[in-house]
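Chemist: Below: one structure in structure tokens.
Numbering (the working numbering), first residue to last: 286 to 694.
Structure, rendered in structure tokens:
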């Protein structure tokens, strides 16, 4: 059964005898809340879509977790460490080395990260083999010349082709080469595969060689830089990290995929918060319109308020009438905005009406991803602002004296 307060609030909001200035402000308020809520849902969905897309690209190339020796040291007894990790239930683990080196051809030289991996193990912790577009992920030796796999961007920088022979120079002995005219340590490799990770940073700065060749080239002996892991549920990375730290001790450091790209995600988080605050201003302005329209409604209905109080209406009942009116404006705008936001987001997801240039962005259309938390928090924030905007005029109406209100013309 509808309460008297809600019935009167509905009459004030929808049953005005004439289309006046207060009605116009109320409509603008509804429109403002609608636009603000819809814009927030759409923009946050785009942020979510880009974040998920980028995360997918990153974890296809990177491991979910990385275990290294604390400080600047390398891992000597890596077989023992690998066994301890597997005993904890994490079977997808593979050792690696990572060092700076120079790739040299007759046409170009590039300083890149040389990553040494075990060909069989790397597929269990990374999707690198799945993104090789030319050749294959073959790091084997042929006549003493090892195989190397590089990205498309690096291939273009080196002005080379798959099958070409390149030289990798180690920084070890570089000082002697400059002062004593001794050649720095180097080795020849054949480009056996070219990958495309959809990330120019990776495609232009990483080269993969076999673990044995890397240990030889960088004088590592039997040492490695660390061990990489892949787990079934990436969202559980932090829990796995804590478990590894607890079991492996202080001699090792553990990084999750998020830690490896903490700067990027920090920037993304700041941008998301900034956009949220800016678009929330639209709803805030609409809330001020609600405050203004309710204040003018209180002035217009001053005599009605006096009559209601004279026949027994309490201050609480008067407060509820105008609170209900203000919140009704917020609810209408919130529902309309949420519906529009969901429809636009779903339309983009399934029909991709906003296209992107795949050559520039590596994707065909603007990515979107709706999250339940956004569909809850955005409408609730809008309702809260509308409620706060309705408080002052509602209390002002309740504070009116019946006698002076009835006499008012």
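Note that beta-carbon positions come from the ideal geometry of N, C-alpha and C, so glycine has one too.
Check whether the Cβ of residue 456 sits closer than 8 Å to any heavy atom of the ligand SAM, and report yes or no.
Modeler: For the ligand SAM, the structure offers nothing, since it holds no ligand at all.
Chemist: Please classify residue 673: does DSSP put it in a helix, a strand, or coil?
Modeler: Here residue 673 sits in helix by DSSP.
Chemist: Assuming residue 349 contacts residue 482 under a Cβ cut-off of 8 Å, what Cβ separation, rounded to an integer in Å, is found between them?
Modeler: Incorrect: roughly 16 Å between the Cβ atoms, too far for contact.
Chemist: How big is the Cα-Cα spacing for residue 335 and residue 376?
Modeler: Taking the straight line from one Cα to the other gives about 31 Å.
Chemist: Return the chain-ordered ranges of every beta strand (DSSP E) run that is complete within the stretch 613-681 and spans a minimum of 3 residues.
Modeler: Here no run is fully enclosed.
Chemist: Tell me whether residue 569 sits in a helix, a strand or coil according to DSSP, three-state version.
Modeler: In the structure shown, residue 569 sits in a helix (DSSP, three-state: H, G or I).
Chemist: Which residues does DSSP pair with residue 538 in a beta bridge?
Modeler: Bridge partners of residue 538: 353.
Chemist: Mapping the DSSP letters down to three states, classify residue 597 as helix, strand or coil.
Modeler: Correct three-state label for residue 597: coil.
Chemist: Whole angstroms is fine: what's the gap from residue 399's alpha carbon to residue 383's?
Modeler: So the two alpha carbons sit approximately 6 Å from each other.
Chemist: Taking residue 509 and residue 381 to be in contact with their CB atoms under 8 Å, please state how far apart those CB atoms are, rounded to whole angstroms.
Modeler: Residue 509 to residue 381, Cβ: 6 Å. Contact.
Chemist: Relative to the alpha-carbon of residue 322, which residue among 653, 648, 686, 627 has its alpha-carbon at the smallest distance?
Modeler: Ranking the options by Cα distance to residue 322, first place goes to 627.
Chemist: Assess, as a yes-or-no matter, whether the stretch 428-447 is touched by the stretch 523-530 under the definition of 3 or more beta carbon pairs within less than 8 Å.
Modeler: Verdict: no, contact absent.
Chemist: Sorted by chain position, which residues of the same chain lie with C-beta nearer than 7 Å to residue 403's C-beta, five sequence neighbours on each side aside?
Modeler: Excluding positions up to five away in sequence, the list reads 379, 380, 496.
Chemist: Could you check if residue 535 is buried or exposed, using at least 16 other CB atoms within 10 Å of its CB as the buried criterion?
Modeler: Per the 10 Å Cβ criterion, exposed.
Chemist: Roughly how far, in whole angstroms, is the beta-carbon of residue 697 from the beta-carbon of residue 679, given that I think they are within contact range, below 8 Å?
Modeler: Examination of residue 697 is not possible in this model, given that the chain is present from 286 through 694 alone.
Chemist: Buried or exposed for residue 351, going by 16 or more other Cβ atoms inside 10 Å?
Modeler: By the neighbour-count rule (16 or more Cβ atoms within 10 Å), residue 351 is buried.
Chemist: Can you look up residue 387 in the DSSP assignment and give me helix, strand or coil?
Modeler: DSSP places residue 387 in strand when its eight states are reduced to three.
Chemist: Please return the same chain residues whose Cβ sits closer than 7 Å to the Cβ of residue 286, not counting the five positions on each side in sequence.
Modeler: With a pLDDT of only 47 at residue 286, under 50, the local geometry of the prediction cannot be trusted, and no value is derived from it.
Chemist: Since residue 293 is in the alpha helix (DSSP H), which residue starts that stretch and which ends it?
Modeler: Where residue 293 is concerned, the enclosing alpha helix (DSSP H) stretches over 289-299.
Chemist: My output table needs one value for residue 418: the three-state DSSP class, helix, strand or coil.
Modeler: Residue 418 falls in the strand class under three-state DSSP.
Chemist: Are the stretch 657-676 and the stretch 564-580 in contact at 8 Å, needing three or more beta carbon pairs?
Modeler: Judged by Cβ distances under 8 Å, the stretch 657-676 makes contact with the stretch 564-580, as three or more pairs qualify.
Chemist: Locate the alpha helix (DSSP H) running through residue 440, then write down its first and last residues.
Modeler: It spans 437-442 - the alpha helix (DSSP H) in which residue 440 sits, taken as one unbroken run.
Chemist: Excluding sequence positions up to five away, which residues of its chain have a Cβ less than 8 Å from the Cβ of residue 355?
Modeler: The answer, listed in chain order, is 535, 536, 537, 538.
Chemist: In terms of DSSP beta bridges, what is residue 480 paired with?
Modeler: Per DSSP, 417, 436.
Chemist: If you run the structure through DSSP and keep just helix, strand and coil, what is residue 491?
Modeler: Note: residue 491 maps to strand in three-state DSSP.
Chemist: Output the residue ranges of the beta strand (DSSP E) runs that lie fully inside the stretch 497-556 and measure 3 residues or longer, sorted by chain position.
Modeler: You should have 511-514, 537-541.
Chemist: Give the single residue among 326, 452, 572 whose Cα lies nearest to the Cα of residue 393.
Modeler: That would be 452, whose Cα lies nearest to the Cα of residue 393.
Chemist: Residue range of the alpha helix (DSSP H) that residue 395 falls in?
Modeler: No alpha helix (DSSP H) holds residue 395; the beta strand (DSSP E) holding it covers 394-402.
Chemist: Counting only the same chain and skipping the five closest in sequence on each side, list residues whose C-beta sits under 6 Å from that of residue 610.
Modeler: Excluding sequence neighbours, residue 610 sits near 294, 297, 298.
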